[in-house]
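Have a look at the structure below, then the notes.
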Amino acid sequence: MDTIELQRWLGVLFVAGCLLLGYPLLTVYSVPATIGGIPVLYAVIFAIWALLIGTSAWLLHRPSASRTSTEPAESDAPRR
Amino acid sequence: MDPTLILLIAAAYLGLLFAIAYYGDERAEHGRSLVNNPYIYALSLAVYCTAWTFYGSVGYAATDGINFLPIYIGPTLIAILWWVVMRKIVRISAHERITSIADFIGARYGKSALLAGVVTVVAVLGVVPYIAVQLKAISTSFSALTVPLDAANTAYPPVFQDTAFYAALALAVFTILFGTRHLDVTERHEGLVVAIAFESVVKLVAFLAVGLFVTFGLYNGVGDLFRQGAAVAEIEALYTVDGASGAWADWVWLTGLSMLAVLFLPRQFQVTVVENVNEDHLRKAAWLFPLYLLLINIFVLPIAVAGLLHFGDATHADMFVLALPYAEGHSALALLAFIGGLSAATGMVIVAATALSTMICNDLVVPLLLRAPGLNLVERARLTGVILGIRRVAIVVVILMGYLYLRGLGDAPSLVAIGLISFAAIAQFAPAILGGIFWKRGTRAGALAGLLAGVAVWGYTLPLPLLADSGWLPASFITDGPFGIAALRPYALLGLDALNPVPHTLFWTLLVNGGLYVVVSLATHPTMMEQSQATRFVDVFHYADPHESAAPWRGTAPVGDLHALLRRFLGWRAAERALHAYRTRHELDALPETADEELVDYVETLLAGAIGAASAQAVVRSVAQAKPLHISEVMEILDEAQQVMAYSRELERKKAELEAATDELRAANQKLKEIDQLKDDFVSTVSHELRTPLTAIRAISEIMHQTPSLTPEQQQSFASTIMRETERLTRLVNQVLDLQRLDAAPNLNRAPRDLRAVVRNALNAVRPQFQQQGIALHVTVPDDPCLTSIDDDRVTQVLLNLLSNAAKYSAETDARVTVQATRDADTVSVAVSDNGPGIAGDQQDAIFEKFRQARNRVGPQAGSGLGLAIARQIVRQHDGSLTVRSTPGQGATFTMRLPRYVPASAAASVSTTSAS
């Protein structure tokens with residue numbers, strides 16, 4: 001997966017995140033109930049949040065995601 | 001708790017911070033950077049979480065429940081896109097040595113000093129209240145530990161007994177020490193970053209410790225805590241979002257707002273972009289930072305619920321984090337919370353003040369000083385000290401402004417309110433930056449118009465009403481609008497009252513800002529410099545080397561002058577190092593005496609790091625031999641293009657010529673072939689014509705030779721046939737010879753003649769033949785002489801040919817031939833008409849062609865077919881014309897026109913001479 005492809009997947013994840021953590025989907029969970037003692041909305045938001053973090057970490061750190069051959073100036077170590 | 005103890009601990013903490021920062025700088029000096037580490041980088045980004053997060057989130061949650069979360073969900077979402085958006089900004093900033101967000105915007109729009117200055121002012125306006133919030137948090141948390149909660153916050157002590165004041169001073173000192181230690185071309189502060197990362201750890205640990213204590217120390221886990229809370233209706237309401245009060249709209253807007261804030265807040269730009277040492281660190285930071293946000297928020301609601309349960313109301317909700325452990329007698333934990341809050345506040349103030357001071361210095365003060373007449377800043381020997389001095393003053397001023405803001409506004413708005421007002425100001429940079437890195441067409445005028453309009457609307461709809469809240473303006477300003485104009489109510493502009501104040505502002509500002517940015521950009525034309533910068537920004541990933549993309553401004557300068565500039569602005573060591581790096585990179589033993597465009601560009605970029613892009617440009621141009629893209633060079637470029645175009649046009653022309661020549665050749669070839677064919681035909685026809693009489697003659701001769709018994713009548717008849725055939729042969733040969741002679745060299749014996757006489761002679765010659773064949777002959781000649789200069793033998797030959805043709809082709813019955821001579825001013829002419837079958841249109845030209853007729857011969861009577869060709873040739877040699885006009889079925893008319901002869905001596909005599 002090259003940089004462009006990675007960027008597309010990140011774009012998809014971003015849109016998904018906006019939908020999942022936004023209006024109106026969250027209204028579904030805005031109910032006075034609990035999951036394991038935790039209010040549903042609170043639990044769901046943090047669960048999705050964690051899921052997003054995990055997915056983006058996975059996308060960004062797949063071995064092939066480090067390949068950036070499409071762009072020439074990617075080589076350098078710290079810039080100085 | 002003993003204030004002295006707290007002060008001591010706070011001082012000790014700040015001392016530790018100093019030590020860490022110093023250590024970080026030391027490591028950097030020796031090339032063993034601590035900052036080149038994605039975890040340090042990600043932690044430094046957590047400067048996003050200020051005292052506003054540490055104390056304010058709980059306060060917000062205690063009144064509005066889960067609604068505090070969008071401020072952290074936004075950054076989480078946008079962090080997913082960092083690899084797309086932020087990486088580009090980081091790359092651009094590395095290439096252009098961008099040192100602040102003002103520098104970034106100014107550089108993008110043609111290194112505009114004006115735009116950078118405006119951005120700086122907006123950033124200061126937006127961030128100073130935020131600094132005030134931090135100072136307030138420090139002093140509030142201090143008093144929360146030293147005086148009973150209810151007694152705190154009532155009134156401000158005099159300045160010199162005010163904790164906030166001393167906190168401000170201490171922070172100013174720290175910032176000066178680590179934010180302006182030296183002038184670096186990259187404007188990075190490694191020690192500072194390490195200290196900030198450490199602070200991020202401290203505040204997270206402190207907050208989690210309090211959270212765990214509250215949840216598991218005071219209650220039996222989250223379930224228990226939430227269940228107890230649910231027993232109170234007001235608390236249970238916090239567990240959900242109340243859709244009725246526009247909370248969902250707030251949710252969406254605040255998510256978007258915080259996305260922009262985390263991208264463009266000056267302190268975020270400082271740690272994310274300016275302090276970035278390796279682009280790849282963004283990869284880890286893009287998920288570590290959201291993870292940090294998740295962790296620091298996970299106990300916010302539980303602490304809020306516990307605080308409400310414990311204290312009964314939300315009056316001091318901003319201090320629950322501190323007050324809960326303190327009230328439960330856990331002083332150590334309360335102290336830890338205090339340190340956590342302190343670290344959150346100090347981190348924000350230090351980074352924000354550093355970023356603002358760089359902006360104020362590079363984008364506001366230095367450009368003004370450079371333009372100040374008589375100051376001649378560039379001529380000064382050492383400017384490093386001056387610049388550092390400016391920054392130090394700027395730091396003190398910014399932090400003191402925060403303090404004054406705090407004192408001036410009193411304690412009216414909550415932490416969250418001020419924070420969001422700040423965010424909304426910063427969001428005004430979004431169109432210019434996002435447009436700037438993805439849309440080349442955005443212009444300086446567009447960015448400026450959008451920004452100014454956006455900020456104006458922001459100022460009117462958010463901070464201004466605060467003045468009404470504080471009593472500086474009448475309350476009716478908010479409720480009825482200024483001067484009672486309802487459409488101008490700051491919270492319901494143009495009657496839009498469906499949104500809460502912050503989303504309301506955000507809607508209007510982004511609409512006005514983004515709209516003007518696009519419209520004005522499209523309506524104006526970027527300058528050469530803007531266009532060049534636009535390309536450098538938008539297409540940054542296309543360039544491997546920042547100096548590869550040639551700047552439109554091209555100049556050369558004495559290296560000595562450039563060297564002196566670098567020394568003045570960066571100091572001796574940094575200048576030597578930079579030039580050495582340049583030599584190494586280009587494998588030069590020594591620098592040339594005159595710097596080429598690339599070196600000039602390199603120096604400008606280095607200086608941009610120290611004093612901003614716009615100022616660097618001005619300074620370099622002051623020494624560089626001004627060699628802007630002169631009109632002549634533009635012309636040269638255009639010329640080159642034109643030459644190429646001219647060449648291609650020339651090629652095109654040549655090609656067309658060649659094609660035409662080819663066509664001509666082909667046509668000529670065709671013609672030759674045709675003529676060749678005609679010649680063959682002619683030869684065969686002529687041979688045939690010659691053979692026919694010869695055969696007849698021979699046959700008759702043989703008969704006469706072998707038959708002695710021929711009667712004299714028979715002999716007579718045979719002899720006359722032989723004679724006739726011989727005549728025919730002679731005629732034929734003569735004609736061929738004629739043709740040949742006419743083609744070779746006309747030998748005319750021209751003299752003025754009366755055409756009427758010539759016609760008469762010819763008619764006399766043919767009249768017996770006509771009478772014999774029964775052809776009626778009608779002749780019309782004018783009364784006046786028709787003088788023309790001719791060889792009369794030749795013209796007679798033509799007339800005879802025409803007459804014999806007419807006789808040959810006139811109708812079989814009632815045959816009639818008309819001869820009409822006419823004259824007009826310039827010509828005399830003879831027309832010979834028959835009433836025969838006529839000549840088809842397509843044949844009318846062909847009959848005059850030399851060999852053509854030979855092919856079209858029909859009938860035994862026909863002559864050689866050369867007659868008309870010879871006739872036309874003769875007439876042409878007399879400068880006349882021979883034409884035919886015919887309608888098939890109604891005969892044909894051949895007309896010979898000859899130029900009329902007018903004697904030069906007596907033109908008049910011609911007309912008076914009467915003849916016949």
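As you go down the protein sequences, you meet chains W and S in turn. Under our numbering, the first residue of the first sequence carries the number 1, and numbering increases by one thereafter. Under our numbering, the first residue of the second sequence carries the number 1, and numbering increases by one thereafter. Positions of the beta carbon are idealized from the N, C-alpha and C atoms, including for glycine. Nothing here was measured: the structure is a model prediction, and the numbers come from that model.
In this structure, A344 of chain S keeps its C-beta atom at 7 Å or more from the C-beta atom of L322 of chain S.
Residues of chain W with a Cβ closer than 8 Å to the Cβ of G243 of chain S are, in chain order, T27, S30. Excluding its 5 nearest sequence neighbours in each direction, T524 of chain S has C-beta neighbours in its own chain below 7 Å: T443, A445, G446, listed in chain order.
Legend: CB atoms of the stretch 253 to 277 of chain S lying less than 7 Å from CB atoms of chain W belong to residues T255, V277.
If you look at R97 of chain S, you'll find it isn't in any beta strand (DSSP E); DSSP assigns it neither H nor E. Inter-residue distance for Y239 of chain S and V31 of chain W is about 8 Å (C-alpha atoms, whole angstroms). L562 of chain S and V603 of chain S have their C-alpha atoms roughly 7 Å apart. Within the stretch 695 to 734 of chain S, no run of alpha helix (DSSP H) reaches 4 residues while sitting entirely inside it. A direct Cα-to-Cα measurement between A475 of chain S and D469 of chain S gives close to 7 Å.
Annotated as proximal: Y405 of chain S and A132 of chain S, with beta-carbon spacing under 7 Å. If you draw a straight line from the Cα of N734 of chain S to the Cα of Q820 of chain S, it comes to about 29 Å. Listed along chain W are T34, G36, G37, I38, each with a C-beta nearer than 9 Å to that of G223 of chain S. In its chain, beyond the 5 residues on either side, M401, G402, Y405 have a beta carbon closer than 6 Å to the beta carbon of V128 of chain S. If you draw a straight line from the Cα of L81 of chain S to the Cα of E275 of chain S, it is about 19 Å long. When C-beta atoms of the stretch 752 to 771 of chain S are compared with those of the stretch 788 to 798 of chain S, three or more pairs fall below 8 Å, so the two segments count as touching. Going by beta carbons, S833 of chain S and G891 of chain S fall inside the 7 Å limit. Here A595 of chain S carries a strand assignment [DSSP, helix/strand/coil]. Taking the CA atoms as reference points, L19 of chain W sits about 15 Å from T55 of chain W. As computed with DSSP, V817 of chain S is found in a beta bridge with S:L777, S:D834. Among the residues facing chain S, I53 of chain W is included, as its CB has a counterpart in that chain under 7 Å away. DSSP places T55 of chain W in the uninterrupted alpha helix (DSSP H) bounded by 40 to 61.
The beta carbon of I235 of chain S is closer than 8 Å to those of G229, V305, L308, L309 in its chain, skipping five residues each way along the sequence. Taking the CA atoms as reference points, G106 of chain S sits about 20 Å from F569 of chain S. Interface with chain W (7 Å Cβ-Cβ cutoff): T240 of chain S is included.
With respect to F54 of chain S, G347 of chain S sits apart: the two C-beta atoms are not nearer than 7 Å. The shortest C-alpha to C-alpha distance from L17 of chain S to any of S:A42, S:F178, S:L494, S:H95 is the one to S:F178. Contact annotation for L291 of chain S against chain W: I53 [CB-CB distance below 7 Å, chain order]. In this structure, the alpha-carbon of L5 of chain S lies about 10 Å from that of L335 of chain S. For W287 of chain S, the chain W residues whose C-beta falls within less than 7 Å of its own C-beta are I53, S56, A57, L60, listed in chain order.
Taking a Cβ-Cβ cut-off of 9 Å, the neighbours of R227 of chain S in chain W comprise T34, G37, given in sequence order. Around the beta-carbon of E190 of chain S, 16 or more other beta-carbon atoms lie within 10 Å, marking it buried. Taking C-alpha positions only, L466 of chain S is separated from V455 of chain S by approximately 16 Å. In the DSSP assignment, R872 of chain S falls within the alpha helix (DSSP H) that extends over 867 to 877. C-alpha of P482 of chain S to C-alpha of P490 of chain S: approximately 9 Å in a straight line. Using a Cβ-Cβ cut-off of 8 Å, E29 of chain S is close to nothing in chain W; its nearest Cβ partner there is about 13 Å away. Rounded to the nearest angstrom, the Cβ distance from Y41 of chain S to A285 of chain S is 6 Å, consistent with a contact under 8 Å.
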